[in-house]
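Trainee: Have a look at the structure that comes next, please.
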Amino acid sequence: MIEFLLNFSQSTGIFTFMNSQWGWPVVESFHFLGLSMLIGTVGVFDLRLLGVGKEIEMASLHKLVPFGVAGFFLNVITGTMFLSSAPDQYIYNPAIQSKLFFLLLAGINMLVFYNTVAAEAKSTPMASNAPTRARIIGGVSLLCWCAVIVCGRLITYYRPPYHWCLWC
Amino acid sequence: MRESGPAFFTSLSLHSLAMGFVVGINFAIALGILGFIPRFNPRSFDKFFTLHWYACLLILLSGLALLLAYPAKALTNPVFFAKLIALSSALLITFKFQKQFFSEAATEAGMASSSLKPWATLSIFLWVATITMGRFLAYTHEILLASRFF
Numbered sequence: 001m002i003e004f005l006l007n008f009s010q011s012t013g014i015f016t017f018m019n020s021q022w023g024w025p026v027v028e029s030f031h032f033l034g035l036s037m038l039i040g041t042v043g044v045f046d047l048r049l050l051g052v053g054k055e056i057e058m059a060s061l062h063k064l065v066p067f068g069v070a071g072f073f074l075n076v077i078t079g080t081m082f083l084s085s086a087p088d089q090y091i092y093n094p095a096i097q098s099k100l101f102f103l104l105l106a107g108i109n110m111l112v113f114y115n116t117v118a119a120e121a122k123s124t125p126m127a128s129n130a131p132t133r134a135r136i137i138g139g140v141s142l143l144c145w146c147a148v149i150v151c152g153r154l155i156t157y158y159r160p161p162y163h164w165c166l167w168c
Numbered sequence: 169m170r171e172s173g174p175a176f177f178t179s180l181s182l183h184s185l186a187m188g189f190v191v192g193i194n195f196a197i198a199l200g201i202l203g204f205i206p207r208f209n210p211r212s213f214d215k216f217f218t219l220h221w222y223a224c225l226l227i228l229l230s231g232l233a234l235l236l237a238y239p240a241k242a243l244t245n246p247v248f249f250a251k252l253i254a255l256s257s258a259l260l261i262t263f264k265f266q267k268q269f270f271s272e273a274a275t276e277a278g279m280a281s282s283s284l285k286p287w288a289t290l291s292i293f294l295w296v297a298t299i300t301m302g303r304f305l306a307y308t309h310e311i312l313l314a315s316r317f318f
């Protein structure tokens, strides 16, 4: 796995770029920008589901979600650049494993939302609460994204071999 | 702060979380002003402005804690001051938005004035600059500890 990722990184020029003087901080900046786009769109929508800013039309706010999707893809691209440039620092790192778990949970939560209450939630009139199920989904989503940020910060602290975790 | 792993890590995590919310909420407001939210009524964002200022307070407190941990690292780095200027300017623009949205002279329909569009663009630019300089702080310092001076 590590070899495959390193080969990919080296053959695409990612490795050279990431190891240039400003490669890493430039990509980190884009990574945090993508995350801010997610919080500003999906996070704000989640907060509206939870009842913050009830005067905002849910359907109007939902128009921002494509920006959140763009932010997410920015994160996937930049995250792949980190992972493939130093795979040994990430694959065995419990912080990234936890981060990926919360990402997966956020993804499943989103699928549940769009396959169950999305239509009902989007048609919630102004000054009204979203359906209870939608509020729970909004809360889970917000918690997952906060956990993703915290685990992201933890990555630096648990770089192998200086790490501990319950499952290592 | 520096010696205690949990204290430093907690401050760093809170700083990142609060930054995510502040930049995110500003991003959403700017997109609304730029016309990406249909029937955008800025006054309906009043709770988000409140949340935004609480998150700013958290940025300030966690930022001070991080500064206390490594004062020489930040205070000897021009990027740190550039970040502070970008951050303060961006917050002044947010304050201008809030003042204009909730003033009595706000437009009857409660819609954002198109004169704010350049400010919304500038706001996004300043937040991107703040994030970028925040990340570059870790890579551009020349002095890590104040003990270097003694």
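Chains C and R, in that order, are what the protein sequence lines are.
Take the first sequence: its position 83, counting from 1, is numbered 83 in the working numbering, and each next residue is one higher.
Just so we're on the same page, the working numbering is the position in the second sequence counted from 1, plus 168.
Glycine is no exception: its CB is placed at the ideal position from the N, C-alpha and C atoms.
If you measure beta-carbon to beta-carbon, which residues of the segment 175-208 of chain R are closer than 8 Å to chain C?
Mentor: Listed in sequence order: Phe-177, Leu-180, Ser-181, Ser-184, Leu-185, Met-187, Gly-188, Phe-189, Val-191, Gly-192, Ile-193, Asn-194, Phe-195, Ala-196, Leu-199, Phe-204, Ile-205, Pro-206, Arg-207, Phe-208.
Trainee: So with Cβ pairs under 8 Å, would you call Ser-141(C) a contact of chain R?
Mentor: Along the first sequence, read from residue 1 onward, the residue named residue 141(C) stands at position 141. Not an interface residue.
Trainee: From Thr-116(C) to Phe-249(R), what does the alpha carbon distance come to, in whole angstroms?
Mentor: By 1-based counting over the first sequence, the position of residue 116(C) is 116. By 1-based counting over the second sequence, the position of residue 249(R) is 81. Looking at the two C-alpha atoms, the distance is approximately 48 Å.
Trainee: If distances are taken between C-alpha atoms only, which option among Leu-199(R), Trp-221(R), Ile-227(R) comes closest to Ser-60(C)?
Mentor: For the purposes of this step, residue 60(C) is identified with residue 60 of the first sequence, where counting begins at 1. Of Leu-199(R), Trp-221(R), Ile-227(R), the residue nearest in Cα terms is Leu-199(R).
Trainee: Based on Cα-Cα distance, which residue from Ser-128(C), Leu-100(C), Met-18(C), Met-110(C) lies nearest to Gly-139(C)?
Mentor: What you label residue 139(C) is simply residue 139 of the first sequence in a count that begins at 1. Selected option, being the one with the closest Cα: Met-110(C).
Trainee: Do Val-247(R) and Thr-308(R) count as a contact pair if the criterion is CB distance below 8 Å?
Mentor: In the second sequence, counting from the first residue as 1, residue 308(R) sits at position 140. In the second sequence, counting from the first residue as 1, residue 247(R) sits at position 79. Closer than 8 Å, so yes.
Trainee: What is the DSSP secondary structure of Gly-51(C), reduced to helix, strand or coil?
Mentor: For the purposes of this step, residue 51(C) is identified with residue 51 of the first sequence, where counting begins at 1. Here Gly-51(C) sits in coil by DSSP.
Trainee: So which residues on chain C does Arg-303(R) lean against when the C-beta distance must stay under 7 Å?
Mentor: Here residue 303(R) refers to the residue found at position 135 of the second sequence. Those within 7 Å of Arg-303(R) in chain C are Pro-25, Glu-28, Ser-29, Phe-32.
Trainee: Starting from Thr-41(C), find everything on chain R with Cβ-Cβ shorter than 7 Å and list it in chain order.
Mentor: Stepping through the first sequence from its first residue, residue 41(C) is reached at position 41. Simply Ala-196.
Trainee: Rounded to whole angstroms, what's the CA-CA distance from Thr-300(R) to Val-26(C)? Just pull it up for me.
Mentor: As a working note, residue 300(R) is residue 132 in the second sequence. As a working note, residue 26(C) is residue 26 in the first sequence. Each residue's Cα considered, the two are about 7 Å apart.
Trainee: How would you list, in chain order, the residues of chain R whose beta-carbon sits under 8 Å from the beta-carbon of Lys-63(C)?
Mentor: Working through the first sequence from its first residue, we reach residue 63(C) at position 63. What Lys-63(C) touches in chain R: Phe-204, Ile-205, Pro-206.
Trainee: So which residues on chain C does Ile-253(R) lean against when the C-beta distance must stay under 8 Å?
Mentor: Reading the second sequence from its first residue, position 85 is the one you call residue 253(R). Simply none; closest approach about 17 Å.
Trainee: Name the residue from Thr-132(C), Gly-152(C), Glu-55(C) whose alpha carbon lies nearest to the alpha carbon of Asn-75(C).
Mentor: Reading the first sequence from its first residue, position 75 is the one you call residue 75(C). It is Gly-152(C).
Trainee: Could you pull out every residue in the same chain whose Cβ sits closer than 6 Å to the Cβ of Ser-179(R), ignoring the five residues on either side in sequence?
Mentor: What you label residue 179(R) is simply residue 11 of the second sequence in a count that begins at 1. Same-chain partners within the cutoff: Ser-230, Ala-233, Leu-234.
Trainee: Could you tell me which of Met-126(C), Ile-136(C), Ser-123(C), Phe-102(C) sits nearest to Val-148(C), measuring between CA atoms?
Mentor: Sequence index remark: in the first sequence, residue 148(C) carries index 148 (1-based). Per the Cα distances, Phe-102(C).
Trainee: Say whether chain R places a C-beta atom closer than 8 Å to the C-beta of Arg-133(C).
Mentor: Working through the first sequence from its first residue, we reach residue 133(C) at position 133. It does not: the Cβ of Arg-133(C) has no partner Cβ on chain R nearer than 8 Å.
Trainee: So which residues on chain C does Lys-241(R) lean against when the C-beta distance must stay under 9 Å?
Mentor: Numbered from its first residue, the second sequence carries residue 241(R) at position 73. Near Lys-241(R) there are no residues of chain C at all, since even the closest Cβ is about 15 Å away, more than 9 Å.
Trainee: Measure from the C-beta of Gly-53(C) to each C-beta in chain R and report whether the shortest distance is under 8 Å.
Mentor: Translated into positions along the first sequence, residue 53(C) becomes position 53. Gly-53(C) counts as touching chain R.
Trainee: Where do the ends of the alpha helix (DSSP H) carrying Lys-215(R) lie?
Mentor: If you number the second sequence from 1, residue 215(R) lands on position 47. Residues 214-237.
Trainee: Less than 8 Å between CB atoms is the rule here; does Tyr-307(R) satisfy it with respect to chain A?
Mentor: Given the protein chain composition of this structure (C and R), no chain A is represented.
Trainee: Suppose the cutoff is 7 Å on Cβ atoms and the five residues either side in sequence are ignored; what does the same chain contact list for Ile-292(R) look like?
Mentor: Numbered from its first residue, the second sequence carries residue 292(R) at position 124. Phe-195, Ala-198.
Trainee: Check whether the Cβ of Ile-299(R) lies closer than 8 Å to any Cβ atom in chain C.
Mentor: The residue you call residue 299(R) lines up with position 131 of the second sequence. Cβ-Cβ to chain C under 8 Å: yes for Ile-299(R).
Trainee: Quick one: measure Cβ to Cβ for Ala-240(R) and Arg-170(R), integer angstroms, because I've assumed they're closer than 8 Å.
Mentor: Residue 240(R) sits at position 72 when you count from the first residue of the second sequence. Residue 170(R) sits at position 2 when you count from the first residue of the second sequence. About 11 Å; that fails the 8 Å criterion.
Trainee: Would you check if there are 3 or more beta carbon pairs closer than 8 Å linking the segment 90-97 of chain C to the segment 48-56 of chain C?
Mentor: Short answer: they don't touch.
Trainee: Relative to the C-alpha of Ile-136(C), which candidate in Glu-57(C), Ile-56(C), Leu-38(C), Phe-113(C) has its C-alpha closest?
Mentor: In the first sequence, the residue the question calls residue 136(C) occupies position 136. Looking at the Cα atoms, Phe-113(C) is the closest of the given residues.
Trainee: Does the beta carbon of Val-247(R) come closer than 8 Å to any beta carbon on chain C?
Mentor: Within the second sequence, numbered from 1, the residue matching residue 247(R) stands at position 79. Chain C contact via Cβ: absent.
Trainee: Quick one: does the C-beta of Ile-299(R) sit closer than 7 Å to a heavy atom of the ligand MG?
Mentor: Absence of the ligand MG is noted for the structure shown, with no ligands found whatsoever.
Trainee: Considering only the beta carbon of each residue, do Thr-41(C) and Leu-6(C) sit closer than 8 Å?
Mentor: Taking the first residue of the first sequence as 1, we reach residue 41(C) at position 41. Taking the first residue of the first sequence as 1, we reach residue 6(C) at position 6. The answer is no: Cβ separation not under 8 Å.
Trainee: Apply the 10 Å Cβ neighbour rule to Leu-228(R) and answer buried if 16 or more other Cβ atoms are within range, or exposed otherwise.
Mentor: Within the second sequence, the letter at position 60 stands for residue 228(R). By the 10 Å Cβ count, Leu-228(R) comes out exposed.
Trainee: Pull up the distance between the alpha-carbon of Ala-254(R) and that of Phe-204(R), whole angstroms please.
Mentor: Here residue 254(R) is taken as the residue at index 86 of the second sequence, counted from 1. Here residue 204(R) is taken as the residue at index 36 of the second sequence, counted from 1. Taking the straight line joining both Cα atoms gives about 24 Å.
Trainee: My assumption, with CB atoms under 8 Å, is that Leu-202(R) sits in contact with Ala-288(R). Please give the rounded CB distance.
Mentor: Position 34 of the second sequence holds residue 202(R). Position 120 of the second sequence holds residue 288(R). Confirmed, Cβ separation roughly 5 Å.
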